[in-house]
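Chemist: Take the position in the sequence shown, starting the count at 1, then add 3; the result is the number in our numbering.
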Amino acid sequence: MLVSVDIAGCNEARQEISEFVDYFKNPTKYTLGAKLPRGALLTGPPGCGKTLIAKALAAEATTPFFTMNGSEFVEVIGGLGASRIRGLFKEARSRAPCIIYIDEIDAIGRKRSAEKGTGGSNEEEQTLNQLLVEMDGMGSEQGIMVLGSTNRPDILDKALLRPGRFDRHINIDLPTVMERKEMFELYLKRIKLNHPYNKCSFRLAQMTPGFSELEYALEKILAGELQLFLVHPQHWDLLSIVQEIENYSAKRRLGYIYYIITEI
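#1: For I147, count neighbouring Cβ atoms within 10 angstroms of its own Cβ and tell me buried if that reaches 16, exposed if not.
#2: Please classify E15: is it buried, with 16 or more other beta-carbons within 10 angstroms of its beta-carbon, or exposed?
#3: Out of curiosity, what's the CA-to-CA distance linking E137 and A110?
#4: Distance check for R171 and I102, CA to CA, integer angstroms please.
#5: Excluding the five sequence neighbours on either side, which residues of its own chain have a C-beta within less than 7 angstroms of the C-beta of T54, listed in chain order?
#6: Determine contact between the stretch 156–169 and the stretch 126–141, defined as no fewer than three beta-carbon pairs at a distance below 8 angstroms.
#7: Give me, in chain order, the residues of the same chain whose beta-carbon lies closer than 6 angstroms to that of S204; leave out the 5 immediate sequence neighbours on both sides.
#8: Between the Cα of S97 and the Cα atoms of N72, F68, G47, which residue gives the shortest distance?
#9: Would you grab the beta carbon distance between G47 and D176 for me? Rounded to a whole angstrom, and I think it's under 8 angstroms.
#10: In chain order, what are the residue ranges of uninterrupted alpha helix (DSSP H) at least 4 long that sit wholly in the stretch 172–213?
#11: Identify which residue in P100, A64, K93 has its Cα closest to the Cα of E22.
This is the structure we're talking about:
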């Protein structure tokens with residue numbers, strides 16, 4: 004099961020969500036007056052770990068985790084999106100305490116235009132309005148937390164960001180060089196290598212600036228997709244590969260690292 008000890012990087016975000024974990028593990032502390040936000044918005048570029056953080060929160064808090072993509076609520080037939088929102092929250096209430104996670108929430112949470120009006124006459128607005136109604140109807144005693152994620156917070160409707168809704172914002176940036184080093188070490192230490200993994204982790208981290216997909220790519224190692232490394236681990240001479248590609252151009256180096264991680 005995915006817990007925070009299995010995640011590298013995202014250090015600031017992990018520190019912020021520790022408060023949420025504490026809420027689910029020690030709820031009585033929050034009945035004495037301390038308040039936890041009903042909703043939190045995870046922002047950051049694609050592939051930086053937003054979904055991973057949400058899953059880790061649910062796993063560490065040992066609570067049910069309901070996840071949907073924002074696009075799943077948008078339907079051609081009017082009313083279906085709002086109905087799905089109602090159904091999602093109804094199930095969540097029956098299994099509380101729990102966490103609801105809406106990935107790419109901008110699909111239903113975009114700013115409402117003056118041309119469309121605000122009367123909920125179209126599917127997107129009906130769905131957004133229903134989400135707002137459900138969040139407003141939640142009491143802190145219900146133990147439901149709603150997480151949303153987006154890489155476009157600038158296009159979200161202001162109503163979503165008002166107090167009592169998604170008023171806590173957690174930004175997840177691209178991993179720093181030291182966070183990338185942690186990522187390499189987390190996954191490479193589980194593979195039989197010809198050299199100690201920490202001999203190469205920092206050098207690999209320096210070669211991967213802006214590598215937002217690194218965590219996902221390295222997960223493939225543990226998923227068993229790199230059969231060459233698992234069946235013939237003696238072929239995985241990490242130090243030799245690092246020495247070979249250090250002099251490559253940045254573009255060629257990134258392409259090569261991505262290839263050996265995801266395609267072999």
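Ideal placement from N, C-alpha and C gives every residue a C-beta, glycine not left out.
Please read all numbers here as calculations on a predicted model, not as lab measurements.
Modeler: With the given structure in hand:
#1: So I147 counts as buried.
#2: exposed
#3: 17 angstroms
#4: 15 angstroms
#5: D106, S152
#6: yes
#7: K184, F187, E188
#8: F68
#9: 6 angstroms
#10: If only uninterrupted alpha helix (DSSP H) runs of at least 4 residues are considered, those enclosed by the stretch 172–213 are 180–191, 204–209.
#11: A64
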